[in-house]
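The structure appears below as structure tokens.
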């Protein structure tokens, strides 16, 4: 389960090791590309701190989060 403040991913203490946060130039494009390649990504969502982001877990259980600042004038 997740929160509205971060990627909605289950965090099992025994599997959880680290979070890596990346800032791609096109988070929407990256999300679509990873989905098209069947990676288990979470839905894109806007955060209260002004980011559009999503996440996934790598084979070692690390959380990989990807975010881009949301323009105040954009729809998200």
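Residue numbers (our numbering): 94 to 169.
Glycine included, C-beta positions come from ideal geometry on N, C-alpha and C.
- Annotation: residue 145 is outside any alpha helix (DSSP H); the continuous beta strand (DSSP E) that includes it extends over 144 to 150.
- Residue 160 sits in a strand when the DSSP states are folded into three classes.
- Residue environment for residue 141: exposed (fewer than 16 other C-beta atoms within 10 angstroms of its C-beta).
- Counting the other Cβ atoms within 10 Å of the Cβ of residue 118 gives fewer than 16, which makes it exposed.
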